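> -15 is the number of the first residue of the sequence shown in this note's numbering; add one for each residue after it. For glycine and all other residues, C-beta sits at the position ideal for the given N, C-alpha and C. As the structure is a prediction and not an experimental result, all values here were calculated from the model.
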Amino acid sequence: PMSASACGFVPGSGGAMLVLEDLETALSRGARIYAEIIGGYVNSGGQRMGGSMTAPNPEGVKRCIRAAVADAGIEYDQIDAINGHLTATFADPYEVKNWAAALERTPENFPYINATKSMVGHCLGAAGAIECVATILQLYKGFLHPSINCEDVHPDIEQFAAKIPHQCMEYPQLQIFAKAGFGFGDVNSCLIFKKWEEK
């Protein structure tokens, strides 16, 4: 993903599961809390305005991101990192630019962005759950995993290159992570995760 030489996704295989629980119950039973989901949104681009079975409608993507941030009750500039859908297709540069437009961020103040698919491939129906687990573990441990095999950042997003980690990096101040899935059929989802802080 995000590479100038990318030529399509590599199929992956796997699965993941998340246990979602209301805070009061988790606290009362002494559960280990890895992160909070503070907001989210799902929509469809309707396969219009450039959207198709395999390409997202950019306006639908931006609406989804903005609505998830609004649902979380945070400001755009509070997002520290993005785990993108990013599939190593022609759509990757468009996705990065849609994030920038939706969050009103420039390449200079853009959050870090990584692609779990760069390491595990595209696990299709399991991709969202696997990548949510990856996002949560990064928040919990205070690091960002790399986006591998994209040292040759696509020229259309070269100005964002400094925000793409190519190696694992410590990020102890990481607080809010956005995770998106912009899937087949022009269906979009975005979740906003927050690091859990013991009260």
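Considering just the uninterrupted stretch of the alpha helix (DSSP H) at Leu123, what are its terminal residues?
Working through the sequence shown from its first residue, we reach residue 123 at position 139. Unbroken alpha helix (DSSP H) run through Leu123: 111 to 125.
> Which same chain residues, not among the five before or five after Arg32, have their C-beta less than 7 angstroms away from its C-beta?
Stepping through the sequence shown from its first residue, residue 32 is reached at position 48. Only Asn41 meet the Cβ criterion.
> According to DSSP, Asn98 sits in a beta bridge with which residue or residues?
In the sequence shown, the residue the question calls residue 98 occupies position 114. Answer is Asn67, bridged to Asn98.
> Name, in chain order, the residues that DSSP records as bridge partners for Val(-6).
Your numbering for residue -6 matches position 10 in the sequence shown. The partner list for Val(-6) (beta bridge, DSSP) is empty, contrary to what the question assumes.
> If we count Cβ pairs, one from each stretch, closer than 8 angstroms, do we get three or more for the stretch 105 to 114 versus the stretch 133 to 142?
Output reads no: the stretch 133 to 142 does not touch the stretch 105 to 114.
> Could you tell me the distance, in whole angstroms, from the CA atom of Asp64 to the CA atom of Ser(-3)?
Locating residue 64 in the sequence shown gives position 80, counting from the first residue. Locating residue -3 in the sequence shown gives position 13, counting from the first residue. Distance between the alpha carbons of Asp64 and Ser(-3): 29 angstroms.
> For the stretch 156 to 163 against the stretch 50 to 70, are there 3 or more C-beta pairs whose distance is under 8 angstroms?
Judged by Cβ distances under 8 angstroms, the stretch 156 to 163 makes contact with the stretch 50 to 70, as three or more pairs qualify.
> Going by other Cβ atoms of all chains shown within 10 Å of its Cβ, with 16 needed for buried, is Ala146 buried or exposed?
The sequence position of residue 146 within the sequence shown is 162, counting from 1. Per the 10 Å Cβ criterion, exposed.
> Between the C-alpha atoms of Leu87 and Gly14, what's the straight-line distance to the nearest angstrom?
Within the sequence shown, the letter at position 103 stands for residue 87. Within the sequence shown, the letter at position 30 stands for residue 14. Cα to Cα, the separation comes out at about 36 angstroms.
> Quick check: the Cα distance between Lys101 and Pro(-15), rounded to an integer number of angstroms?
Along the sequence shown, read from residue 1 onward, the residue named residue 101 stands at position 117. Along the sequence shown, read from residue 1 onward, the residue named residue -15 stands at position 1. When rounded, the distance between both Cα atoms is 7 angstroms.
> For Glu8, does the count of other Cβ atoms within 10 angstroms reach 16, so buried, or fall short, so exposed?
As a first step, residue 8 is located in the sequence shown; it is residue number 24 there, counting from the start. When all chains shown are included, Glu8 counts as exposed.
> Express the C-alpha separation of Ala0 and Val117 in angstroms, rounding to a whole number.
Indexing the sequence shown from 1 puts residue 117 at position 133. Indexing the sequence shown from 1 puts residue 0 at position 16. In a straight line, the C-alpha of Val117 is about 7 angstroms away from that of Ala0.
> Is Val3 buried or exposed, if buried means 16 or more other CB atoms sit within 10 Å of its CB?
Reading the sequence shown from its first residue, position 19 is the one you call residue 3. So Val3 ends up on the exposed side.
> Go to Lys147, then tell me how far its alpha helix (DSSP H) extends in each direction, as first and last residue.
In the sequence shown, counting from the first residue as 1, residue 147 sits at position 163. Counting along the chain, Lys147 falls outside any alpha helix (DSSP H), and DSSP gives it neither H nor E.
> For Phe177, count neighbouring Cβ atoms within 10 angstroms of its own Cβ and tell me buried if that reaches 16, exposed if not.
Here residue 177 refers to the residue found at position 193 of the sequence shown. That one is buried.
> Measuring CA to CA, which of Ala164, His106, Glu181, Phe168 is closest to Arg47?
Taking the sequence shown and counting its residues from 1, the one referred to as residue 47 is at position 63. Comparing Cα positions, the closest option is Ala164.
> Helix, strand or coil for Gly23 per DSSP?
Within the sequence shown, residue 23 is the residue found at index 39, counting from 1. Three-state result, Gly23: strand.
> Between the Cα of Lys179 and the Cα atoms of Thr119, Gly34, Gly105, Gln143, which residue gives the shortest distance?
By one-based count along the sequence shown, residue 179 stands at place 195. If we check each option's Cα against that of Lys179, Thr119 comes out closest.
> At what residues does the alpha helix (DSSP H) containing Cys48 begin and finish?
By one-based count along the sequence shown, residue 48 stands at place 64. From DSSP, the alpha helix (DSSP H) with Cys48 extends over 42 to 56.
> DSSP state of Ile189, grouped into three classes?
This structure cannot speak to residue 189, because the chain is shown only from -15 to 183.
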